[in-house]
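Undergrad: This is the structure I have questions about; it appears just below.
Protein chains: 2
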Amino acid sequence: MQVIKNIAELCKLNFSPEQRPLGFVPTMGCLHEGHLSLVRQSREQCQTTVVSIYVNPTQFGAHEDFDNYPRTFARDCELLRQEGVDLVFAPTTQQIYPDGFSTYVIEEKLSTSLCGGFRPAHFRGVTTIVAKLFNLVKPDIAFFGEKDLQQFKVLEKMVLDLNMDITMRACPTVREKDGLAMSSRNNYLTPEQREVAPKLFYTLKQMQQRYHQGEHDAVALVQWGKSQLEETGDLRVQYLEVCSLRDLQPVTQLSNTAGKTFIAAAVYLGETRLIDNLKL
Amino acid sequence: MQVIKNIAELCKLNFSPEQRPLGFVPTMGCLHEGHLSLVRQSREQCQTTVVSIYVNPTQFGAHEDFDNYPRTFARDCELLRQEGVDLVFAPTTQQIYPDGFSTYVIEEKLSTSLCGGFRPAHFRGVTTIVAKLFNLVKPDIAFFGEKDLQQFKVLEKMVLDLNMDITMRACPTVREKDGLAMSSRNNYLTPEQREVAPKLFYTLKQMQQRYHQGEHDAVALVQWGKSQLEETGDLRVQYLEVCSLRDLQPVTQLSNTAGKTFIAAAVYLGETRLIDNLKL
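Chains as they are written, first to last, in our numbering: chain A, 42 to 321; chain B, 42 to 321.
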């Protein structure tokens, strides 16, 4: 497995037609089974698999956890080597955002709701870094986790709108045995918080069940879910919404919407922000 | 010469290594000798030359000349055929900006001064359409005219910042015998205006001469140039500035700046807006 930290070195590589399709898994490192499931899908579907590890400063807000974001580079590389990854690209910020950097990719519709409403510059950071990585790595297929469903939808829209010649694949959320969605940020949780954390997914599942039992009033469903999440006082809900998969805008009624909507939530457990979602 | 109006059809083309380098000249049609000089440079330097013809609505302001912009498609194709162009790509707006389009490329430094100060959404439209065309055509080398020097600088910055694997070539402004920079918008001029129009370049040349004669006070130089342009009342100056080639910001003194600055101007002749520039 080759590890490249230098853009010039990466650009020297020219993947031959025999090495394609080229699969790409962009990550911020601190890899868990969710990331590895993306790597395995790429390994199955592609001749070559490239993983990037880069904690992208432009997708963090001023008071967010950029400085504390867990960095476990040596361990990440060892995990990727075991998975048979061909190339790890781990650039420095000086290379990615040199002095005077001034160009951004912005998506103005899907990125405004849900997380976008609370993290105003987040998706602009995401679309910009992913556009850059796509241009550098030139993948045929890119793999993303459905845990960050809005991120996937925004990036899929970017690829469509900017005519990028890349197939976008969303892969199912990988969960701990108790249902908690895998996330590098789970590392922030204290043992007590870790015990409470599965309540997020459990509540989404209960909401899904109530929907299947005939609750088609989305407003009532959300209100019920919020009261469940907040009943013990450990979790603080940032948002809980039922949204259309098409435009990521809230819906109010759920008759004849099967397969077209999803529940999305962001909650705080202490200082740690967790997100999850579930399709209806 | 192949003419393609359909994105799907364009994407089916796969240029072989033998057909590369692939040269690309993006245009809004109404071709003149300036465009053709870009085509000839591409033909000299590249195995294959692609020209796009698309009047891009997103780079026109609400009260600008999008509706009236001259469209001469049949004549343009005939000129390009004579030049030995391999492929003309002329998409429809429904294909380029389908309903719900929401992703833009923005450059936030070089695009703010000069034309950017008076045409607030212009460069966002330019960077977005050129990013899309680059992703569709996948050129090795792209050719632009220096008449639109700020446009070139902004696009060059986009290519650098977003790590697009494309060589950017700026080609000298082509002028009429009397010095007027070739522009599709020259077609708007009445015979009387056409007679006055060369005064723009003539004044830039005079300013350049005064600079070479030792006038290093950029403010005084600009003031002199404005008075020259406006003395007869036919031309209205939108801006006239001496700027750094590095950041496109105004400079005040011109000692030890040889080769590092340029004069840029936009003037109105009636309703017609003309721009030009000259390096110092």
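Glycine included, C-beta positions come from ideal geometry on N, C-alpha and C.
Where B:ARG81 and B:ALA222 are concerned, what is the direct C-alpha to C-alpha distance, given to the nearest angstrom?
TA: Within the second sequence, residue 81 of chain B is the residue found at index 40, counting from 1. Within the second sequence, residue 222 of chain B is the residue found at index 181, counting from 1. Spanning the two alpha carbons is a distance of roughly 18 Å.
Undergrad: So, with DSSP's three-state summary, where would you put A:THR68?
TA: If you number the first sequence from 1, residue 68 of chain A lands on position 27. Strand, per DSSP.
Undergrad: May I have the straight-line CA-CA distance separating A:LYS301 from A:SER285, to the nearest angstrom?
TA: Looking up residue 301 of chain A in the first sequence gives position 260. Looking up residue 285 of chain A in the first sequence gives position 244. Taking the straight line joining both Cα atoms gives about 6 Å.
Undergrad: Under 7 Å, Cβ to Cβ, is there at least one residue of chain A near B:LEU203?
TA: Your numbering for residue 203 of chain B matches position 162 in the second sequence. Chain A contact via Cβ: present.
Undergrad: Check the Cβ-Cβ distances between B:ILE304 and every residue of chain A, and say whether any is below 7 Å.
TA: Numbered from 1 along the second sequence, position 263 holds the residue referred to as residue 304 of chain B. No, because no Cβ of chain A sits closer than 7 Å to the Cβ of B:ILE304.
Undergrad: Could you please give the first and the last residue of the uninterrupted beta strand (DSSP E) stretch that includes B:LYS320?
TA: The residue you call residue 320 of chain B lines up with position 279 of the second sequence. 313-320 is the extent of the beta strand (DSSP E) around B:LYS320.
Undergrad: Contact check, A:LEU177 vs A:LEU51 under 8 Å by CB: the rounded distance?
TA: As a first step, residue 177 of chain A is located in the first sequence; it is residue number 136 there, counting from the start. As a first step, residue 51 of chain A is located in the first sequence; it is residue number 10 there, counting from the start. That pair is a contact at about 6 Å.
Undergrad: Along the beta strand (DSSP E) that carries A:ALA222, what are the first and last residues, could you check?
TA: In the first sequence, the residue the question calls residue 222 of chain A occupies position 181. Segment: none, A:ALA222 is in no beta strand (DSSP E) and carries neither H nor E.
Undergrad: Is the CB-CB distance between B:ASN97 and B:ILE170 below 7 Å?
TA: Stepping through the second sequence from its first residue, residue 97 of chain B is reached at position 56. Stepping through the second sequence from its first residue, residue 170 of chain B is reached at position 129. It is a contact, given that the beta carbons lie within the stated cut-off.
Undergrad: Tell me which residue opens and which closes the beta strand (DSSP E) that B:LEU310 is part of.
TA: Taking the first residue of the second sequence as 1, we reach residue 310 of chain B at position 269. That run of the beta strand (DSSP E) goes 302-310.
Undergrad: What span of residues does the beta strand (DSSP E) with A:LEU281 cover, start to end?
TA: For the purposes of this step, residue 281 of chain A is taken as the residue at position 240 of the first sequence. It spans 276-285 - the beta strand (DSSP E) in which A:LEU281 sits, taken as one unbroken run.
Undergrad: Restricting to Cα atoms, I'd like to know which of A:VAL237, A:GLU85, A:GLN254 is closest to A:LEU332.
TA: Summary: the structure shown does not reach residue 332 of chain A, with chain A confined to residues 42 through 321, and so no result is reported for it.
Undergrad: Closer than 9 Å between beta carbons: that is the criterion. Which residues of the segment 140-163 of chain B meet it against chain A?
TA: Listed in sequence order: GLY141, PHE142, SER143, THR144, TYR145, VAL146, ILE147, GLU148, GLU149, LYS150, LEU151, SER152.
Undergrad: By how many angstroms is the C-alpha of A:CYS156 removed from the C-alpha of A:LEU63?
TA: Position 22 of the first sequence, counting from 1, holds the residue named residue 63 of chain A. Position 115 of the first sequence, counting from 1, holds the residue named residue 156 of chain A. Near 30 Å, if we compare the C-alpha coordinates of A:CYS156 and A:LEU63.
Undergrad: Between A:PHE242 and A:ARG216, how many whole angstroms is the CB-CB distance? I'm expecting something under 8 Å.
TA: On the first sequence, residue 242 of chain A is found 201 positions in, with the first residue counted as 1. On the first sequence, residue 216 of chain A is found 175 positions in, with the first residue counted as 1. About 7 Å; that satisfies the 8 Å criterion.
Undergrad: Given a cut-off of 7 Å, decide if A:GLY125 and A:ARG61 are closer than it, judged by their beta-carbon atoms.
TA: The count along the first sequence starts at 1 and reaches residue 61 of chain A at position 20. The count along the first sequence starts at 1 and reaches residue 125 of chain A at position 84. Contact: no.
Undergrad: Our contact map puts A:GLU196 next to A:PHE185 with C-beta atoms below 8 Å; I'd like the distance itself, whole angstroms only.
TA: Taking the first residue of the first sequence as position 1, residue 196 of chain A is located at position 155. Taking the first residue of the first sequence as position 1, residue 185 of chain A is located at position 144. According to the sequence as given, residue 196 of chain A is Leu; it is not Glu. With a Cβ gap of about 7 Å, A:LEU196 and A:PHE185 count as contacting.
Undergrad: Which residue's Cα is closest to the Cα of B:GLU59: B:HIS73, B:GLN88, B:MET69, B:GLN43?
TA: The count along the second sequence starts at 1 and reaches residue 59 of chain B at position 18. Closest by alpha carbon: B:GLN88.
Undergrad: Let me check one thing: in DSSP terms, what residues is A:CYS87 bridge-paired to?
TA: Against the first sequence, residue 87 of chain A aligns to sequence position 46. None; A:CYS87 has no bridge partner.
Undergrad: Mapping the DSSP letters down to three states, classify A:THR99 as helix, strand or coil.
TA: In the first sequence, counting from the first residue as 1, residue 99 of chain A sits at position 58. Of the three classes helix, strand and coil, the one that applies to A:THR99 here is helix, per DSSP.
Undergrad: Are there 16 or more other CB atoms within 10 angstroms of the CB of B:HIS76, so buried, or fewer, so exposed?
TA: Working through the second sequence from its first residue, we reach residue 76 of chain B at position 35. Its Cβ being crowded by 16 or more others within 10 Å, B:HIS76 is buried.
Undergrad: Should B:ALA172 be flagged as near chain A, meaning a C-beta pair shorter than 7 Å?
TA: Here the question's residue 172 of chain B lines up with position 131 in the second sequence. Chain A contact via Cβ: present.
Undergrad: List, in chain order, every chain B residue whose beta-carbon is nearer than 7 Å to that of A:LEU177.
TA: Here the question's residue 177 of chain A lines up with position 136 in the first sequence. The contacting residues are ASN204.
Undergrad: In terms of residues, what are the limits of the alpha helix (DSSP H) holding B:GLN135?
TA: Counting from 1 along the second sequence, the entry for residue 135 of chain B is found at position 94. 134-137 is the extent of the alpha helix (DSSP H) around B:GLN135.
Undergrad: Between the beta-carbon of B:ALA261 and the beta-carbon of B:THR293, is there less than 7 Å?
TA: As a first step, residue 261 of chain B must be located in the second sequence, where it is residue number 220. As a first step, residue 293 of chain B must be located in the second sequence, where it is residue number 252. In this structure, B:THR293 does not lie closer than 7 Å to B:ALA261 by Cβ.
Undergrad: So for A:GLU50, helix, strand or coil by DSSP?
TA: Counting from one through the first sequence, the residue named residue 50 of chain A turns up at place 9. Note: A:GLU50 maps to helix in three-state DSSP.
Undergrad: Output needed for A:HIS163: all residues of its chain with C-beta closer than 6 Å, excluding positions within five of it in sequence on either side, in chain order.
TA: Start at 1 with the first residue of the first sequence, and residue 163 of chain A comes out as number 122. GLN100, listed in sequence order.
Undergrad: Taking 7 Å as the cut-off, decide whether the C-beta atoms of A:LEU54 and A:VAL92 are in contact.
TA: Locating residue 54 of chain A in the first sequence gives position 13, where the first residue counts as 1. Locating residue 92 of chain A in the first sequence gives position 51, where the first residue counts as 1. Going by C-beta atoms, A:LEU54 is not nearer than 7 Å to A:VAL92.
Undergrad: Go to B:ILE45, then tell me how far its beta strand (DSSP E) extends in each direction, as first and last residue.
TA: The sequence position of residue 45 of chain B within the second sequence is 4, counting from 1. Where B:ILE45 is concerned, the enclosing beta strand (DSSP E) stretches over 43-45.
Undergrad: Is the Cβ-Cβ distance between A:ILE45 and A:PHE114 less than 7 Å?
TA: As a working mapping, residue 45 of chain A is identified with position 4 in the first sequence. As a working mapping, residue 114 of chain A is identified with position 73 in the first sequence. Cβ distance not < 7 Å, so A:ILE45 and A:PHE114 don't count as in contact.
Undergrad: Please confirm if B:MET199 has its CB atom under 7 Å from at least one CB of chain A.
TA: Taking the second sequence and counting its residues from 1, the one referred to as residue 199 of chain B is at position 158. Interface residue, yes.
Undergrad: Are B:ASP127 and B:THR68 touching if we call contact CB-CB under 7 Å?
TA: Residue 127 of chain B sits at position 86 when you count from the first residue of the second sequence. Residue 68 of chain B sits at position 27 when you count from the first residue of the second sequence. Their beta carbons are not under 7 Å apart, which means B:ASP127 does not touch B:THR68 by this criterion.
Undergrad: When you compare the CB positions of A:TYR145 and A:ARG165, do they come within less than 7 Å of one another, or not?
TA: The count along the first sequence starts at 1 and reaches residue 145 of chain A at position 104. The count along the first sequence starts at 1 and reaches residue 165 of chain A at position 124. Yes, they are a contact pair.
Undergrad: Which term fits A:ALA49, buried or exposed, when burial requires 16 or more other beta carbons within 10 angstroms of its beta carbon?
TA: Along the first sequence, one-based indexing puts residue 49 of chain A at 8. Exposed, because fewer than 16 other Cβ atoms sit within 10 Å of the Cβ of A:ALA49.
Undergrad: Would DSSP call A:ALA172 helix, strand or coil?
TA: Stepping through the first sequence from its first residue, residue 172 of chain A is reached at position 131. If DSSP states are grouped into helix, strand and coil, A:ALA172 belongs with the helices.
Undergrad: On the three-state DSSP scale, how would you describe B:MET205?
TA: For the purposes of this step, residue 205 of chain B is taken as residue 164 along the second sequence, with counting starting at 1. Residue state, collapsed to three classes: coil.
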